[in-house]
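Student: Have a look at this one before I ask anything.
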Amino acid sequence: MARRALGRLGHLLFVLWAVSSLTFILFRLAPGDPTINFLSPSFNEETRAALMKSFGLDKPLWEQYFIYMGNLLQGNLGQSFLQGKPVAVLLADALPNTVLLTLVSLTAAYAFGIVAGAFLAFHRGGLVEAVSIPAALATRAAPEFWLGMLLLAGLAFQTGWFPTGGALSPGREMNSFAERFMSGDFWWHLALPALTLMLYLQGLPLLLMRATMLEVLNDEFIVMAKMKGLSRWSVVMRHAARNALLPVVTAFALGLGASIGGNVVVETVFAWPGIGRVLVTAVQSADYPLAQGAFILIAASLVTMNTLADLAYAALDPRVSVGAKR
Numbered sequence: 001m002a003r004r005a006l007g008r009l010g011h012l013l014f015v016l017w018a019v020s021s022l023t024f025i026l027f028r029l030a031p032g033d034p035t036i037n038f039l040s041p042s043f044n045e046e047t048r049a050a051l052m053k054s055f056g057l058d059k060p061l062w063e064q065y066f067i068y069m070g071n072l073l074q075g076n077l078g079q080s081f082l083q084g085k086p087v088a089v090l091l092a093d094a095l096p097n098t099v100l101l102t103l104v105s106l107t108a109a110y111a112f113g114i115v116a117g118a119f120l121a122f123h124r125g126g127l128v129e130a131v132s133i134p135a136a137l138a139t140r141a142a143p144e145f146w147l148g149m150l151l152l153a154g155l156a157f158q159t160g161w162f163p164t165g166g167a168l169s170p171g172r173e174m175n176s177f178a179e180r181f182m183s184g185d186f187w188w189h190l191a192l193p194a195l196t197l198m199l200y201l202q203g204l205p206l207l208l209m210r211a212t213m214l215e216v217l218n219d220e221f222i223v224m225a226k227m228k229g230l231s232r233w234s235v236v237m238r239h240a241a242r243n244a245l246l247p248v249v250t251a252f253a254l255g256l257g258a259s260i261g262g263n264v265v266v267e268t269v270f271a272w273p274g275i276g277r278v279l280v281t282a283v284q285s286a287d288y289p290l291a292q293g294a295f296i297l298i299a300a301s302l303v304t305m306n307t308l309a310d311l312a313y314a315a316l317d318p319r320v321s322v323g324a325k326r
């Protein structure tokens with residue numbers, strides 16, 4: 001067990017190093033000048049050189065890299081070029097918004113998908129299945145921005161039932177996430193982004209749950225449970241559903257990590273102040289430290305959720321734990 005934990009820790013550190021190094025190189029090779037956001041069209045080269053020096057971009061690339069990695073080892077993500085604030089502070093302010101959006105949409109999607117998938121597996125061949133499966137495939141295949149724009153057009157612009165973007169109505173200011181969390185206005189703004197992601201995500205757990213349920217319902221232990229005279233509810237919920245949940249739980253944990261950084265499109269469409277929007281703004285303005293910090297956070301969340309998925313899988317299936325001990 002200890003060896004496995006150390007292996008996971010080593011994997012996490014390697015991924016973070018690889019992502020940090022790759023983003024460092026790519027941003028400096030990409031077109032774009034971080035000084036252009038601070039200089040007027042009539043600037044001179046001396047002013048630009050002074051600004052590059054203040055950003056630490058006047059040094060050779062290899063020296064910049066070692067300074068950057070040294071700062072990372074100390075937990076210092078640097079300072080945003082554009083906003084002049086520590087990257088860690090900016091990410092910490094945006095992260096709760098992304099996490100909440102992810103948890104709400106992903107939980108709703110998987111709750112609906114698990115129940116609907118189990119229902120379709122147990123009532124196979126009906127009209128509901130004939131309609132539900134194509135609908136699930138269609139929402140999964142549809143681009144997130146298209147779903148978002150469709151909901152915006154129908155439920156925001158046309159009817160005015162929901163706001164068109166942001167996290168708070170104009171004129172309202174709340175300093176802490178706790179204040180926003182307790183605000184009805186905040187949840188009103190969250191509704192459409194969460195619904196967009198929920199519609200996009202629910203197809204996977206629905207189809208996965210249905211497929212695994214159909215496979216489990218034909219297993220010998222299910223047949224034995226039926227022969228013992230157990231009720232249909234007991235057979236489905238206590239035996240079949242528990243075993244069918246294994247791949248769904250893994251998909252949920254992986255989806256949680258991926259959604260932390262994968263909400264870029266939805267956060268951009270709805271102007272939701274999360275990590276995705278921070279990343280887009282940083283890339284557009286060539287704000288190297290902020291963009292690199294966002295990528296590192298996304299990579300860390302992916303690897304962490306992957307590890308938690310393994311642990312959850314082992315908890316649900318004792319055979320995984322037994323195999324690990326051997």
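So that you can map any letter, position 16 of the sequence shown is 16 in the working numbering, and since no number is skipped, the others follow by simple counting. Positions of the beta carbon are idealized from the N, C-alpha and C atoms, including for glycine.
1) Counting Cβ pairs closer than 8 Å, one from the stretch 11-22 and one from the stretch 288-308, do we hit at least three?
2) Output the distance between the C-alpha atoms of A244 and M209, rounded to the nearest integer angstrom.
3) Using a threshold of 9 Å, state whether the C-beta atoms of A88 and L77 are closer than that.
4) Between the alpha carbons of A135 and A251, how many angstroms are there, rounded?
5) Buried or exposed for T159, going by 16 or more other Cβ atoms inside 10 Å?
6) Which same chain residues end up closer than 8 Å to D58 when comparing Cβ atoms and leaving out the 5 residues on each side of it in sequence?
7) Jot down the residue ranges of each uninterrupted alpha helix (DSSP H) in the stretch 140-200, minimum 4 residues, whole runs only, in chain order.
8) When you compare the CB positions of L302 and V15, do they come within less than 9 Å of one another, or not?
9) Whole angstroms is fine: what's the gap from V322's alpha carbon to G166's?
10) For L151, which residues in the same chain have their Cβ closer than 7 Å to its Cβ, ignoring the five residues on either side in sequence?
11) Output the boundary residues of the alpha helix (DSSP H) element that contains T281.
12) Which of helix, strand or coil does DSSP assign to R326?
13) Beta carbon of F162, beta carbon of A156: below 9 Å?
14) Have a look at the DSSP bridge pairing and note the partners of P134.
15) Can you look up P86 in the DSSP assignment and give me helix, strand or coil?
16) Between V249, V266 and Q284, which has its C-alpha nearest H189's C-alpha?
17) Look up A202 in the DSSP assignment and say whether it is helix, strand or coil.
18) Under 8 Å, with one C-beta from each stretch per pair, do the stretch 133-148 and the stretch 264-282 reach the 3-pair mark?
19) If we count the other Cβ atoms within 10 Å of its Cβ and call it buried at 16 or more, is E46 buried or exposed?
20) Tell me where the alpha helix (DSSP H) around S54 begins and ends.
21) Using three-state DSSP, classify Q79 as helix, strand or coil.
22) Compare the C-alpha of N37 against each of N71, D287 and T307 and name the closest.
23) Within this structure, are the beta carbons of G203 and R124 separated by less than 9 Å?
24) Excluding the 5 residues flanking V264 on each side, which residues of the same chain have their C-beta closer than 7 Å to its C-beta?
25) Going by other Cβ atoms of all chains shown within 10 Å of its Cβ, with 16 needed for buried, is A118 buried or exposed?
26) Pull up the distance between the alpha-carbon of E179 and that of D185, whole angstroms please.
Tutor: Working from what's here:
1) yes
2) 6 Å
3) yes
4) 20 Å
5) exposed
6) A49 and M52
7) 144-152 and 177-181
8) yes
9) For V322, the pLDDT reaches just 41, beneath the cut-off of 50, and the residue's location in the model is therefore unreliable, although a value from the coordinates is still provided. Using only the alpha carbons, I get a separation of about 49 Å.
10) L192, L195 and T196
11) I275 to Q284
12) Here R326 scores only 41 on pLDDT, less than 50, and its place in the model should not be relied on; the value that follows carries that caveat. It is coil, neither helix nor strand.
13) yes
14) DSSP output for P134 lists no bridge partner at all.
15) strand
16) V266
17) In the sequence as displayed, the identity of residue 202 is Gln instead of Ala. Correct three-state label for Q202: coil.
18) yes
19) exposed
20) E45 to F55
21) strand
22) D287
23) no
24) G276, L279 and V280
25) buried
26) 11 Å
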